[in-house]
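Chemist: Have a look at the structure that comes next, please.
There are 2 protein chains.
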Amino acid sequence: MDKPITIHDIARLANVSSATVSRVLSNSSYPVSAALRDKILRIAKEANYIPNQLGKQLKTRTNRTIGIIVPTITNQFYSSIILGVEELARKHEYQVLLCNSFQDPALERKYIQAIFEKQVRGLVISSISGEKELLRPYIERGLHVVAVDQRLEGERLGQVDFEYRQGGRLATRYLIGRGHRRIAYVTAPLDRPSRRSIHAGYMEAMGEAGLSPQVVEDGPGTSYSGSYEFENGKALTARLLESEPSGETPTAIFACNDMTAFGVIHALTERGIRVPDEMSVVGFDGIDFGQMITPPLTTVYQPTHEMGRLACSMLIEQLEGRGRPDQLLVLQPELLERSSVADVRE
Amino acid sequence: MDKPITIHDIARLANVSSATVSRVLSNSSYPVSAALRDKILRIAKEANYIPNQLGKQLKTRTNRTIGIIVPTITNQFYSSIILGVEELARKHEYQVLLCNSFQDPALERKYIQAIFEKQVRGLVISSISGEKELLRPYIERGLHVVAVDQRLEGERLGQVDFEYRQGGRLATRYLIGRGHRRIAYVTAPLDRPSRRSIHAGYMEAMGEAGLSPQVVEDGPGTSYSGSYEFENGKALTARLLESEPSGETPTAIFACNDMTAFGVIHALTERGIRVPDEMSVVGFDGIDFGQMITPPLTTVYQPTHEMGRLACSMLIEQLEGRGRPDQLLVLQPELLERSSVADVRE
DNA sequence: CTGTTAGCGCATTCAC
DNA sequence: GTGAATGCGCTAACAG
Numbered sequence: 013m014d015k016p017i018t019i020h021d022i023a024r025l026a027n028v029s030s031a032t033v034s035r036v037l038s039n040s041s042y043p044v045s046a047a048l049r050d051k052i053l054r055i056a057k058e059a060n061y062i063p064n065q066l067g068k069q070l071k072t073r074t075n076r077t078i079g080i081i082v083p084t085i086t087n088q089f090y091s092s093i094i095l096g097v098e099e100l101a102r103k104h105e106y107q108v109l110l111c112n113s114f115q116d117p118a119l120e121r122k123y124i125q126a127i128f129e130k131q132v133r134g135l136v137i138s139s140i141s142g143e144k145e146l147l148r149p150y151i152e153r154g155l156h157v158v159a160v161d162q163r164l165e166g167e168r169l170g171q172v173d174f175e176y177r178q179g180g181r182l183a184t185r186y187l188i189g190r191g192h193r194r195i196a197y198v199t200a201p202l203d204r205p206s207r208r209s210i211h212a213g214y215m216e217a218m219g220e221a222g223l224s225p226q227v228v229e230d231g232p233g234t235s236y237s238g239s240y241e242f243e244n245g246k247a248l249t250a251r252l253l254e255s256e257p258s259g260e261t262p263t264a265i266f267a268c269n270d271m272t273a274f275g276v277i278h279a280l281t282e283r284g285i286r287v288p289d290e291m292s293v294v295g296f297d298g299i300d301f302g303q304m305i306t307p308p309l310t311t312v313y314q315p316t317h318e319m320g321r322l323a324c325s326m327l328i329e330q331l332e333g334r335g336r337p338d339q340l341l342v343l344q345p346e347l348l349e350r351s352s353v354a355d356v357r358e
Numbered sequence: 013m014d015k016p017i018t019i020h021d022i023a024r025l026a027n028v029s030s031a032t033v034s035r036v037l038s039n040s041s042y043p044v045s046a047a048l049r050d051k052i053l054r055i056a057k058e059a060n061y062i063p064n065q066l067g068k069q070l071k072t073r074t075n076r077t078i079g080i081i082v083p084t085i086t087n088q089f090y091s092s093i094i095l096g097v098e099e100l101a102r103k104h105e106y107q108v109l110l111c112n113s114f115q116d117p118a119l120e121r122k123y124i125q126a127i128f129e130k131q132v133r134g135l136v137i138s139s140i141s142g143e144k145e146l147l148r149p150y151i152e153r154g155l156h157v158v159a160v161d162q163r164l165e166g167e168r169l170g171q172v173d174f175e176y177r178q179g180g181r182l183a184t185r186y187l188i189g190r191g192h193r194r195i196a197y198v199t200a201p202l203d204r205p206s207r208r209s210i211h212a213g214y215m216e217a218m219g220e221a222g223l224s225p226q227v228v229e230d231g232p233g234t235s236y237s238g239s240y241e242f243e244n245g246k247a248l249t250a251r252l253l254e255s256e257p258s259g260e261t262p263t264a265i266f267a268c269n270d271m272t273a274f275g276v277i278h279a280l281t282e283r284g285i286r287v288p289d290e291m292s293v294v295g296f297d298g299i300d301f302g303q304m305i306t307p308p309l310t311t312v313y314q315p316t317h318e319m320g321r322l323a324c325s326m327l328i329e330q331l332e333g334r335g336r337p338d339q340l341l342v343l344q345p346e347l348l349e350r351s352s353v354a355d356v357r358e
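Chains as they are written, first to last, in the working numbering: chain X, 13 to 358; chain A, 13 to 358.
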């Protein structure tokens, strides 16, 4: 573990100046005679030269890494977004600094600060705290931000959003089309825009069909853990089933996301209620696991991987001076029809 | 987006030298009078000073970030490890540079190089290519490595390993204990140590019980995609069911990991074969999703989150000069009994 | 085409 | 206690 060799070392070895070495080794367009170039390249190779990017970065004020902040990587919804981001980052020779915020605004704040101090100037974020105030000072100092999944009100940032409301409508209308009249909506706390939008879409579709909505919502303040969504789906289903007079039991349950839908199906199966024969279930997300359970989950598909790719692409455009800093991309929902919904039996 | 302010700026503002500012702002133990300290702190705050870690890192040759390379973050097995790593990293004020290798040795190589160039000196890796040769030159130059999940033969690196063989035995013996005699083992290519070990454990347990093993292995060279494991589980099950005379059909299937087991269950269900009544299934991993499917998957539990934590802890010990660079930690398997296994009906 | 010089922002000798 | 000077490794003017 001897002292790492620098361009000066190889400059000495080659009897040239370190400037020339730099020009060659950094692929500068600056002209250097072929002879010297070859010689330097050869010597660098022999000496096993490895450039120190810190020096380069400090000098050039560029930094080929982008930060990414999501609630938790364990949720496939987010890991899929991250994969998309990383895929595009790789293509452009960037690397990814990953942060899990656990929906904790304090942590979020700390990470943003740390990222910025490391001179990272690109950030993809799925923020829950939704405080654009948090980001603003950094943006003013040159941080480029693309918000994904969660809409962030703010002028100077890119957004890859999703038509959640339309998704809520789509799923609900689909169920109505299959003959369902009593459709429950089961949801985690309506404390963020995306959830409120899905809920609104559900309400709208129910309203236009003259049906009365039935919403079961978890109370706020539940601490965030890896399997919260799943447990919540189970709990809410229990509540739904027990609170209603049996004549009023819904024939279909629409869940705010796939993980919750898994919990719903689990609770149903546990009680001997067959899906979809006795109860239809629709989720929201379209994560891969939906196809692995029995029955495969019918759901509203969100192109997470694509969202990650787009967000990263947008970000890199900004970082490299192309593209406007306030681009808004809104992706449209699609219904992913699998096998968890049946026509209602009259 | 004006020029960022540096310690020199605030030195000027406070009428002191930048050295003094540095001492105060970097929490140096070096003595500075209380009066100056307060003044500098105040001015720095007013000016919204944000330190540039690049400068600091270049000078101090420290770098509070650790790299992590895994095949793919989309597999909950790995995302859970990462979460563990990140959790401990956060506790020690480190950040995490994430890389997905997609089991591609070339990519792996590229990432290691990039990480090293960024002066990152700590790496947690779940390498598939298993070439310790790849790592050696970097280790010699000061990279600290902890291998997780996949054993890497090499002297100068930490390892958090798992008793795969014992896990294979455990699952197989469990099935035998429940009365099964024809137990098939369904696996992705036996091209890495962990898989070979599980397989060996299976063979051993079958042998000692005087039973004949029945192994279905996928051919090598399949390209890696997110749902490979699942698809493979389906395909291998189909092969298993079709190749055997019906009298020889196994009563239980042991899969090399949970995702594969999901595929197995899926294929079974598709064919109207009920789990566990007509066929028992055991997985390997213990990922969260196992409890969300129907029936909940009985499996060999691997404490992935804990593995991530331990790996990171080990790494940080090394980075900070404590702890030996060749520590080996071997975690023991446990059987996670859920509902996908039934006693065999004679 | 090549070399000299001067920093990027910071921490750290060494004088005082 | 404090400041002046130096350099981490690299690139980018500016001369030649």
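Glycine included, every Cβ here is placed at the ideal spot set by N, Cα and C.
Compile a chain-ordered list of the residues in the stretch 109-130 of chain X whose CB is closer than 9 Å to at least one CB of chain A.
Modeler: Cβ contacts with chain A come from Leu-109, Leu-110, Cys-111, Asn-112, Leu-119, Lys-122, Tyr-123, Gln-125, Ala-126, Ile-127, Phe-128, Glu-129 and Lys-130.
Chemist: Could you tell me which uninterrupted alpha helix (DSSP H) segments, each at least 4 residues in length, are contained entirely in the stretch 19-46 of chain X, listed from first to last along the chain?
Modeler: Qualifying alpha helix (DSSP H) stretches, in chain order: 19-26 and 30-37.
Chemist: With DSSP run on the structure shown, which of helix, strand or coil describes X/Ile-285?
Modeler: In the first sequence, the residue the question calls residue 285 of chain X occupies position 273. Here X/Ile-285 sits in coil by DSSP.
Chemist: Taking the alpha-carbon of X/Pro-232 as reference, which of X/Tyr-240, X/Asp-173 and X/Gln-226 has the nearest alpha-carbon?
Modeler: Your numbering for residue 232 of chain X matches position 220 in the first sequence. Ranking the options by Cα distance to X/Pro-232, first place goes to X/Tyr-240.
Chemist: I'd like to know whether the C-beta atoms of A/Leu-202 and A/Val-228 end up nearer to each other than 9 Å.
Modeler: In the second sequence, counting from the first residue as 1, residue 202 of chain A sits at position 190. In the second sequence, counting from the first residue as 1, residue 228 of chain A sits at position 216. Going by C-beta atoms, A/Leu-202 is not nearer than 9 Å to A/Val-228.
Chemist: From A/Gln-5 to A/Arg-181, what distance separates their C-alpha atoms?
Modeler: No answer is possible for residue 5 of chain A: it lies beyond the span of chain A, which begins at 13 and ends at 358.
Chemist: In the DSSP output, which residue or residues are listed as bridge partners for X/Tyr-197?
Modeler: Here the question's residue 197 of chain X lines up with position 185 in the first sequence. BP columns for X/Tyr-197 point to X/Val-227 and X/Phe-266.
Chemist: At 4 residues or longer, and completely inside the stretch 151-211 of chain X: list those alpha helix (DSSP H) runs for me, N to C.
Modeler: You should have 176-189.
Chemist: Taking only beta-carbon positions, decide if A/Pro-288 is within less than 9 Å of chain X.
Modeler: Working through the second sequence from its first residue, we reach residue 288 of chain A at position 276. Chain X contact via Cβ: absent.
Chemist: Assuming X/Gly-238 and X/Thr-86 form a contact by the criterion Cβ under 8 Å, report the distance between their Cβ atoms to the nearest whole angstrom.
Modeler: Locating residue 238 of chain X in the first sequence gives position 226, counting from the first residue. Locating residue 86 of chain X in the first sequence gives position 74, counting from the first residue. Rounded, the Cβ-Cβ distance is 5 Å, consistent with contact.
Chemist: Buried or exposed: X/His-20, going by 16 or more other Cβ atoms within 10 Å of its Cβ?
Modeler: Translated into the one-based positions of the first sequence, residue 20 of chain X becomes position 8. Under this definition X/His-20 is an exposed residue.
Chemist: Quick check on the DSSP output: what are the complete beta strand (DSSP E) runs of length 3 or more inside the stretch 71-152 of chain A, in order along the chain?
Modeler: Runs found: 77-82, 107-112 and 134-137.
Chemist: Give the DSSP-derived three-state secondary structure of A/Thr-311 in the structure shown.
Modeler: Here the question's residue 311 of chain A lines up with position 299 in the second sequence. Three-state DSSP puts A/Thr-311 in a strand.
Chemist: Would you kindly check if the distance between the Cβ of A/Val-36 and the Cβ of A/Arg-24 is under 9 Å?
Modeler: What you label residue 24 of chain A is simply residue 12 of the second sequence in a count that begins at 1. What you label residue 36 of chain A is simply residue 24 of the second sequence in a count that begins at 1. Going by C-beta atoms, A/Arg-24 is not nearer than 9 Å to A/Val-36.
Chemist: A/Leu-347 and A/His-156 look like a contact to me (Cβ under 8 Å); what is the Cβ gap, rounded to whole Å?
Modeler: Reading the second sequence from its first residue, position 335 is the one you call residue 347 of chain A. Reading the second sequence from its first residue, position 144 is the one you call residue 156 of chain A. A/Leu-347 to A/His-156, Cβ: 34 Å. No contact.
Chemist: Would DSSP call A/Ser-255 helix, strand or coil?
Modeler: Here residue 255 of chain A is taken as the residue at index 243 of the second sequence, counted from 1. If DSSP states are grouped into helix, strand and coil, A/Ser-255 belongs with the helices.
Chemist: Which partner residues does X/Ser-292 have in the DSSP bridge list?
Modeler: As a position in the first sequence, residue 292 of chain X is number 280, starting the count at 1. Partner(s): X/Ala-264.
Chemist: With distance defined between alpha-carbon atoms, name the residue in X/Ile-124, X/Val-158 and X/Asp-270 nearest to X/Pro-149.
Modeler: For the purposes of this step, residue 149 of chain X is taken as residue 137 along the first sequence, with counting starting at 1. Nearest option by C-alpha distance: X/Ile-124.
Chemist: Checking contacts by CB at 9 Å: is A/His-278 closer than that to chain X?
Modeler: In the second sequence, counting from the first residue as 1, residue 278 of chain A sits at position 266. So yes, A/His-278 belongs to the interface.
Chemist: Please decide whether A/Asp-300 counts as near chain X, where near means a Cβ-Cβ distance under 9 Å.
Modeler: By 1-based counting over the second sequence, the position of residue 300 of chain A is 288. Interface residue, yes.
Chemist: Just confirm the distance between the C-beta atoms of X/Val-97 and X/Ala-323, as a whole number of angstroms; I'd bet it's less than 8 Å.
Modeler: For the purposes of this step, residue 97 of chain X is taken as the residue at position 85 of the first sequence. For the purposes of this step, residue 323 of chain X is taken as the residue at position 311 of the first sequence. The Cβ separation is near 6 Å, so the contact holds.
Chemist: Determine the direct distance from the alpha carbon of X/Arg-163 to that of X/Ser-206, and round the result to whole angstroms.
Modeler: As a position in the first sequence, residue 206 of chain X is number 194, starting the count at 1. As a position in the first sequence, residue 163 of chain X is number 151, starting the count at 1. Going by the C-alpha atoms only, they are around 8 Å apart.
Chemist: Going by other Cβ atoms of all chains shown within 10 Å of its Cβ, with 16 needed for buried, is A/Thr-74 buried or exposed?
Modeler: By 1-based counting over the second sequence, the position of residue 74 of chain A is 62. Counting Cβ neighbours within 10 Å, A/Thr-74 comes out exposed, since fewer than 16 surround it.
Chemist: Assuming X/Gly-191 contacts X/Pro-337 under a Cβ cut-off of 8 Å, what Cβ separation, rounded to an integer in Å, is found between them?
Modeler: Locating residue 191 of chain X in the first sequence gives position 179, counting from the first residue. Locating residue 337 of chain X in the first sequence gives position 325, counting from the first residue. Contact flag wrong, Cβ pair sits at about 48 Å.
Chemist: For X/Ser-91, which residues in chain A fall below 7 Å Cβ to Cβ?
Modeler: Here the question's residue 91 of chain X lines up with position 79 in the first sequence. Residues of chain A passing the Cβ test: Ile-85, Thr-86 and Ser-91.
Chemist: Among A/Gly-179, A/Val-160 and A/Gln-131, which has the Cα closest to the Cα of A/His-66?
Modeler: Position 54 of the second sequence holds residue 66 of chain A. The residue asked about is misnamed: residue 66 of chain A is Leu in this sequence, not His. Measuring from the Cα of A/Leu-66, the nearest candidate turns out to be A/Gln-131.
Chemist: So A/Val-312 and A/Leu-187 are supposed to be a Cβ contact under 8 Å. How far apart are they, rounded?
Modeler: Residue 312 of chain A sits at position 300 when you count from the first residue of the second sequence. Residue 187 of chain A sits at position 175 when you count from the first residue of the second sequence. About 12 Å separates the two Cβ atoms, so there is no contact after all.
Chemist: Taking the alpha helix (DSSP H) that X/Glu-329 falls in, what are its first and last residues?
Modeler: Within the first sequence, residue 329 of chain X is the residue found at index 317, counting from 1. Per DSSP, X/Glu-329 belongs to the alpha helix (DSSP H) from 316-331.
Chemist: Check the Cβ of A/Phe-242 against every Cβ in chain X and list those closer than 7 Å, keeping chain order.
Modeler: Numbered from 1 along the second sequence, position 230 holds the residue referred to as residue 242 of chain A. Within 7 Å Cβ-Cβ: Met-304.
Chemist: Reducing DSSP to helix, strand and coil, say where A/Asp-355 ends up.
Modeler: Indexing the second sequence from 1 puts residue 355 of chain A at position 343. Here A/Asp-355 sits in coil by DSSP.
Chemist: Closer than 8 Å by beta-carbon distance: list the chain A residues that pair up with X/Ile-94, in chain order.
Modeler: Locating residue 94 of chain X in the first sequence gives position 82, counting from the first residue. Residues of chain A passing the Cβ test: Ile-85 and Leu-110.
Chemist: Just mark A/Gln-330 as buried or exposed, buried being the case when its beta carbon has 16 or more other beta carbons within 10 Å.
Modeler: Position 318 of the second sequence, counted from the start, is the residue given in the question as residue 330 of chain A. Under this definition A/Gln-330 is a buried residue.
Chemist: Rounding to the nearest angstrom, what Cα-Cα distance links X/Gly-213 and X/Gly-219 in this structure?
Modeler: Locating residue 213 of chain X in the first sequence gives position 201, counting from the first residue. Locating residue 219 of chain X in the first sequence gives position 207, counting from the first residue. Roughly 10 Å between the two C-alpha positions.
Chemist: Given that a residue counts as buried once 16 or more other Cβ atoms are within 10 Å of its Cβ, and exposed if not, what is A/Asn-39?
Modeler: The residue you call residue 39 of chain A lines up with position 27 of the second sequence. Classification for A/Asn-39: exposed.
Chemist: Taking only beta-carbon atoms, is A/Gln-107 less than 9 Å away from chain X?
Modeler: Taking the second sequence and counting its residues from 1, the one referred to as residue 107 of chain A is at position 95. By this cut-off, A/Gln-107 is an interface position.
Chemist: With C-beta atoms as the reference, is A/Val-356 less than 9 Å away from A/Ala-264?
Modeler: Residue mapping note: residue 356 of chain A aligns to position 344 of the second sequence, counting from 1. Residue mapping note: residue 264 of chain A aligns to position 252 of the second sequence, counting from 1. Yes, the Cβ-Cβ distance between A/Val-356 and A/Ala-264 is below 9 Å.
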